[in-house]
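Residue numbers (the numbering used here), protein chains in the order written: chain A, 13 to 736; chain B, 391 to 500.
Laid out in structure tokens, this is it:
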């Protein structure tokens, strides 16, 4: 079936080329049937790439090692659950996933806008197909997922053990959905500039897609953070890693755009700013993909080779140059239709919020690309670490949280000082009470930034609670509904506003979790033997006994490791049992014959399997690094390598079992990493609240889903409504 | 088998992509040339854009009302903003009606 996959790619490339030509011919010559044909090319592309993706997925599930990419990233012992996800662990598979998702999202947006924005969407179609052609060309000319080897190897190398985590099933598709959705606003923004139709129509058409991009990218980032926390064995959820940063940057500019687009929709202002933001967001999304796939910056999240650097850099260069040309050549028609009525208005707060978000993005951009910049300028590569990022991002994050509480209580256009003063009483009271409580209890002593974040978050809770309470009161006054029904009706009728408020609450909750867990963490890295114990914060952790399992089927973590060595830890507080933790480390088959018939069975990457007791107030987190380099264990491997032939892997497994028994009989001291972090769970809860709010804001309003009635009758009724 | 599926796929792609070029009459989203049907029920791109603008303006009117009722706008400011927004809404409605009148004339002439 590899031929079918390869044929699909060639056909997809041809469809892209035709669609670009048809769309441009249609819009330039005023022939809408060609534009329509171009739009249908995108649907056809989605169909072709669906077949191609299905071919590759089936090859993985059927262990068809004649496909090079299957042999390189899967194996007979890789659990089926992870075989399905292994498609996007490879360079080639992830390119196919990118192109496929782009074709699906492009089809959806072009279908929904098929009766609108005729010229803009024709240009957007050509641009979307241009991106599709780029990624398909990479697969056709550089990294084809359908390359085969004959005869096929009997087994594959296996999936990178680091990727054997449940969140890896959905993290890459979510992140790539976010990246590809970022391309939709970029395509329509460029389309609007090319068609010289830069009013708010194109923004209204893609607003929901910009929100979806933000939502998917956010979910992808959160899943990546969760994977980092629960899998990587260093105990953190965010390390300012290059690839993490690369996904955060388009999310930040996307967040800025979601706020500033409202100003263009309502006031016809910030046209240059908005179109620049969507172009920047799309370009940053491509740069994010480039960082993951190129390996140009070292990252624990980078899983690609260095072969795609030149095409990606060329694409990014073209994007930046085209963006600058289009914005500067259309600057006359991008002039604002209105000016700010007042500095005390929601528009002003949104502007401030935009500046902070873009400032954050700039800081992260500088820190992330500093190794490349320093190498280009001085010839020496140097990098900046988490303290550098924290120094600049923490104050900006504080301002951002504060603004998310100020914005909701300020009116659009103009607010009077007396109204503003009255509206700030409750939020300020929330902040002040929190400050007094923290100072009185002394729990945050010596942590001024954490105190500031808690107070800002309390301010946001006060502000949003007041908004909901007042909204419900207004609704009840007009409808007489009971409070819960009034609340539901209020949110249903004003989804964007109240969904957005929920997002603000979620972000405040998330930042409380970040501030508490990073400021009040207790961590310990030490070596323990069975029976020994240590103190971590208020908790006592005792190494009760070691554990060992052999063969991929018995691996307790279900990741397919040949040997898993771990420990049972008893956690107590004040003499009372709190939790039993079972951290382990998995040793995987390397597939490298030079390590010997037994050595290769455990010679692959060793991956930590974290064990933690998570709660709403604190997480007790543990990881173990067992020592298998002892003379006794090495001798078992040496003897096995000498006496057991490669053709008897079952006997090799017996040797691994002997090794495990030796380890259990006289366990050497193991290295432990133990952490007690407060409120970590609130980061994940905050994330869920954010995405719940995002879904509410994205959900179509009742007016958009109601059944169609005569347009003239609706207009007549609407005119009456407007005059009423 | 692979060749057969590829050929079927190719045929399907050609059918999907070429349909608008082979279709008699006009593509989706444009006014019918034969005058058949009720012209005012047909949504042109311009009409759809104006309808979206109208919905957005109504949302603004509702937002301003909610801001006033929740104590964020003074009565004087609210009345001034509401009057401006309603005038802008009427402007959009006028454009919509003019477009519909035009489309009715086109269909009658056809």
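All C-beta atoms, glycine included, are put in the ideal place defined by N, C-alpha and C.
{"Asked": "Opposing strand residues paired with residue 598(A) [DSSP bridges]", "Found": "576(A) and 619(A)"}
{"Asked": "Neighbourhood of residue 391(A) by C-beta, 8 Å cutoff - its chain only, sequence neighbours within 5 removed", "Found": "none"}
{"Asked": "Option nearest residue 45(A) by Cα separation, candidates 635(A), 126(A), 209(A) and 115(A)", "Found": "126(A)"}
{"Asked": "Enclosing alpha helix (DSSP H) for residue 231(A) [first to last residue]", "Found": "213-243"}
{"Asked": "Test: residue 463(B) CB closer than 8 Å to a CB of chain A", "Found": "yes"}
{"Asked": "Cβ shell of residue 22(A) (< 7 Å), same chain only, five flanking positions each side left out", "Found": "152"}
{"Asked": "Per DSSP, the bridge partner or partners of residue 537(A)", "Found": "685(A)"}
{"Asked": "Straight-line Cα distance separating residue 54(A) from residue 686(A)", "Found": "52 Å"}
{"Asked": "CA-to-CA distance, residue 57(A) to residue 398(B), given in whole angstroms", "Found": "15 Å"}
{"Asked": "Residue 561(A) - containing alpha helix (DSSP H), residue span", "Found": "Note, residue 561(A): premise wrong, no alpha helix (DSSP H); beta strand (DSSP E) at 551-562."}
{"Asked": "Boundaries (first-last residue) of the beta strand (DSSP E) holding residue 593(A)", "Found": "588-593"}
{"Asked": "From 29(A), 146(A), 144(A) and 119(A), residue whose alpha carbon lies closest to that of residue 133(A)", "Found": "119(A)"}
{"Asked": "Own chain partners of residue 648(A) with C-beta closer than 7 Å, once the 5 adjacent residues on each side are dropped", "Found": "667, 670, 671 and 674"}
{"Asked": "Through-space distance from residue 335(A) to residue 400(B), alpha-carbon basis", "Found": "35 Å"}
{"Asked": "CB contact flag (residue 665(A), residue 563(A), <8 Å)", "Found": "yes"}
{"Asked": "Under the three-state DSSP convention, the category residue 467(B) falls into", "Found": "helix"}
{"Asked": "First and last residue of the uninterrupted alpha helix (DSSP H) at residue 84(A)", "Found": "80-85"}
{"Asked": "Residue range of the alpha helix (DSSP H) that includes residue 405(A)", "Found": "398-418"}
{"Asked": "Whole-angstrom C-beta distance between residue 158(A) and residue 14(A), which should lie under 8 Å", "Found": "4 Å"}
{"Asked": "Euclidean distance between Cα positions of residue 349(A) and residue 478(B)", "Found": "13 Å"}
{"Asked": "Minimum Cβ-Cβ distance from residue 469(B) to chain A less than 8 Å", "Found": "no"}
{"Asked": "The alpha helix (DSSP H) enclosing residue 403(B), as first and last residue numbers", "Found": "392-412"}
{"Asked": "Where residue 301(A) falls: helix, strand or coil (DSSP)", "Found": "helix"}
{"Asked": "Beta carbon of residue 193(A) nearer than 8 Å to that of residue 224(A)", "Found": "yes"}
{"Asked": "Cα-Cα separation, residue 545(A) to residue 64(A)", "Found": "55 Å"}
{"Asked": "Cα-Cα separation between residue 508(A) and residue 448(B), rounded to whole angstroms", "Found": "14 Å"}
{"Asked": "Short Cβ contact (8 Å threshold) for residue 232(A) with residue 259(A)", "Found": "yes"}
{"Asked": "Chain A contact for residue 347(B) (CB, 8 Å cutoff)", "Found": "Lying before the first or after the last residue shown, residue 347(B) is absent from chain B, which here runs from 391 to 500."}
{"Asked": "Residues of its chain near residue 380(A), where Cβ-Cβ distance is below 6 Å and the 5 sequence neighbours each way are ignored", "Found": "254 and 257"}
{"Asked": "Beta carbon proximity, residue 48(A) to chain B, threshold 8 Å", "Found": "yes"}
{"Asked": "Beta-carbon contacts of residue 331(A) that lie in its chain and below 6 Å, excluding the five residues immediately before and after", "Found": "295"}
{"Asked": "Below-8 Å beta-carbon distance, residue 135(A) vs any chain B residue", "Found": "no"}
{"Asked": "Cβ neighbours of residue 706(A) in the same chain (closer than 8 Å, five flanking residues each side left out)", "Found": "223, 226, 227, 230, 511 and 515"}
{"Asked": "Pairwise C-alpha distance: residue 587(A) and residue 547(A)", "Found": "12 Å"}
{"Asked": "Proximity of residue 273(A) and residue 217(A) at Cβ, strictly below 8 Å", "Found": "no"}
{"Asked": "Classification of residue 387(A) by the beta-carbon crowding that lies within 10 angstroms, buried from 16 upward", "Found": "exposed"}
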